[in-house]
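Participant:
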Amino acid sequence: MNFKRISYYLGLFCFPISVLAFINILYSSYFDYFLSINSYIITLIISFLTGSSLLFIGKKSEKTISFIEQLVLIILVYVVISFFIALPFYLSNYQVTFLNSLFEAISGTTGTGFSIFKNIKYLDPTLILWRSSSQWIGGLYFLFFLIIIFSNKQFNFKMIYLTYSGDGRINSESNIKDILTKIFILYSILTLVIFLLLNISEIRMFNSLNLSMSLISTGGFIPTNSLNNIIQSNAQKLVFIFSLLISMLNFFLLLNIFEKKIIIREHKEDFYLIILSIIFVLLIYLNNYSGLNIIISVISSLGNSGLSLINSDNNLSLYFILLTLIGGSLISNTSGIKFTRIYVLLKTSSSEMIKLISPNSVINKNIFGSEKKITDDNIKVSFLIFISFFISLFFLSGILIVDNINFENAFKLSILTITNTTISGMYGIQDMDFASLLTTSKLSLIIFMIIGKIELISIFLIIKKIFFKD
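Each residue of the sequence shown is one higher than the last, beginning at 1059 in this note's numbering.
Now the structure itself:
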């Protein structure tokens, strides 16, 4: 494994943090928040110097890196970038330990939304903006990873090719730059659209800005203690639902919205996800629940955001928890097992049962009725992801139980961690004091927040490469 080659790309990922720090310096200066400005200056200097040093170390090395090295790069990006993002929390006047600061930062970059802060309304506005920015940059990086790295055909356990992932082929350095630029522009435009819609619906500009960064990244940070303080009117709820759908469905969907042939041929996964959302909403409506709040909770759970306007009873809390396992589109910031993988497993299981009953039957292996077929590798990967998810779940639950967290909360918190979904009243687990958890619990949550984004199978592949070389 060549760390010089990895360091070159790791250095490139450091510079956007410098840009975010610079923006916060300008914001602090303009609104006279001078108490926190030094922390952003320090972050800017450290991130820029680190990025420059790593770039210099890897500048003369071979730029082509293997898939396993790319996986190592992703993990290092989450750790190193989170270290920079943790600095303003640690250097603030709120007496936050470095571990708690790192916990907050990784919760942001992975879009999980767990927070060690109890009263958000008392935080410095620049720190609130910094929290939201961590989600935004983390969401952007994850889309980069999905489309550039996880699209590798040899190790395609994310199964990106089963849905629309852009029309560009990764075959040269300039081509990669074009794809990354396209992702950045589209991601920024979608953020701006959500921001404008929230603003038009009469949500305060500061709250609209922070919410737009949370929603586009399926994050869980909000600029107040409760979402009910921001989203109140039906118009605001409708905009919120639309924003949740944007982040849950295929990232490129709106880009192709006027391309009828592409929409019909390439976005069937999104169609099924919308139908599934409607079915899950109707199931709740049939049990005498109603209102836009229910729709928000269903889509928020499916999209692994966790933001909600309701406090659920115990029956619905389990229902919403199970929805987080499904996740959104393969090309989105959502986590979970993913609907397409569940579809593959269910279709394969039904096909095997049909074979037992009628051995001469012709089995349709097309996915979502498209021309793309389910392969044996798809089945193996889907099953492996399914098993590894529950291995992670039981392992993390066991660690949390040691921290005097009751079994129900430990189980729920583990699912939310692995699916990168924030805690919420609708899950029956709202008042979790993350700052008071044992060090082992915090470290475990940090590790599994990252695993939730990259999959446990990535860790297995890295371990195999290190200890069992070919």
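Using N, Cα and C, we set each Cβ at its ideal position, and we do this for glycine too.
Model, not experiment: these values are computed from the prediction.
For my contact list, Ser1270 and Ile1252 are in at a C-beta cut-off of 8 Å; report their separation, rounded to the angstrom.
Facilitator: Sure, about 4 Å apart at Cβ, within 8 Å.
Participant: Can you confirm whether the region 1119-1138 touches the region 1088-1104 when touching is taken to mean that 3 or more C-beta pairs between the two stretches lie within less than 8 Å?
Facilitator: In short, these stretches do not touch, since the Cβ pair count stays below three.
Participant: Please report how far the alpha carbon of Gly1349 lies from the alpha carbon of Met1306, in whole angstroms.
Facilitator: Their backbone Cα atoms lie some 21 Å apart in a straight line.
Participant: Let me check understanding here. Comparing Cα to Cα, which of Thr1392, Asn1314 and Ile1081 lies closest to Gly1197?
Facilitator: Measuring from the Cα of Gly1197, the nearest candidate turns out to be Thr1392.
Participant: Reducing DSSP to helix, strand and coil, say where Asn1177 ends up.
Facilitator: Correct three-state label for Asn1177: coil.
Participant: Span of the alpha helix (DSSP H) holding Gln1290?
Facilitator: No alpha helix (DSSP H) holds Gln1290; DSSP gives it neither H nor E.
Participant: Which partner residues of Lys1431 appear in the DSSP bridge assignment?
Facilitator: DSSP, once it has assigned bridges, lists Asn1424 as partnering Lys1431.
Participant: Look at the alpha carbon of Leu1334 and the alpha carbon of Phe1073, and state the distance between them as a whole number of angstroms.
Facilitator: Cα to Cα, Leu1334 sits roughly 40 Å from Phe1073.
Participant: Terminal residues of the continuous alpha helix (DSSP H) containing Thr1101?
Facilitator: Its alpha helix (DSSP H) spans residues Ile1095 to Gly1116.
Participant: Are the beta-carbon atoms of Met1490 and Ile1368 separated by less than 9 Å?
Facilitator: Cβ distance not < 9 Å, so Met1490 and Ile1368 don't count as in contact.
Participant: Taking only three categories from DSSP, how would you classify Glu1466?
Facilitator: Correct three-state label for Glu1466: helix.
Participant: If we ignore side chains and look at the alpha-carbon of each, how far apart do Asp1236 and Thr1406 end up?
Facilitator: Computed Cα separation, rounded: 38 Å.
Participant: From Leu1187 to Asn1268, what does the alpha carbon distance come to, in whole angstroms?
Facilitator: Approximately 6 Å, taken between the alpha carbons.
Participant: Looking only at its own chain, which residues have a Cβ that is under 7 Å from the Cβ of Asn1478, when we skip the five neighbours before and after it?
Facilitator: Within the same chain, Asn1478 has close Cβ partners Thr1168, Gly1169, Thr1170, Asn1362, Ser1393, Met1507, Gly1510 and Lys1511.
Participant: For Asn1422, which residues of its own chain have a beta-carbon under 7 Å away from its beta-carbon, when the five flanking residues on both sides are left out?
Facilitator: So the list is empty, once near-sequence residues are dropped.
Participant: Output the distance between the C-alpha atoms of Glu1429 and Phe1147, rounded to the nearest integer angstrom.
Facilitator: Roughly 50 Å between the two C-alpha positions.
Participant: For a minimum of 4 consecutive residues, which ranges assigned as the alpha helix (DSSP H) are wholly contained in the region 1306-1359?
Facilitator: Runs of the alpha helix (DSSP H) inside the region 1306-1359: 1318-1324 and 1326-1343.
Participant: For Lys1121, which option in Ile1206, Arg1262 and Ser1065 has the closest C-alpha, if you only look at C-alpha atoms?
Facilitator: Of the listed residues, the one whose Cα sits closest to Lys1121 is Ser1065.
Participant: Figure out for me which residue from Ser1409, Leu1296 and Gly1385 has the closest Cα to the Cα of Ile1354.
Facilitator: The residue with the shortest Cα to Cα distance from Ile1354 is Leu1296.
Participant: Would Gly1109 be called buried (16 or more neighbouring beta carbons within 10 Å of its own) or exposed?
Facilitator: By the 10 Å Cβ count, Gly1109 comes out buried.
Participant: Out of Ile1445, Met1217 and Ala1468, which has the shortest C-alpha to C-alpha gap to Ser1502?
Facilitator: For Ser1502, the nearest C-alpha among the options comes from Ala1468.
Participant: Helix, strand or coil for Val1154? Go by DSSP, reduced to three states.
Facilitator: In the structure shown, Val1154 sits in coil (DSSP, three-state: anything other than H, G, I, E or B).
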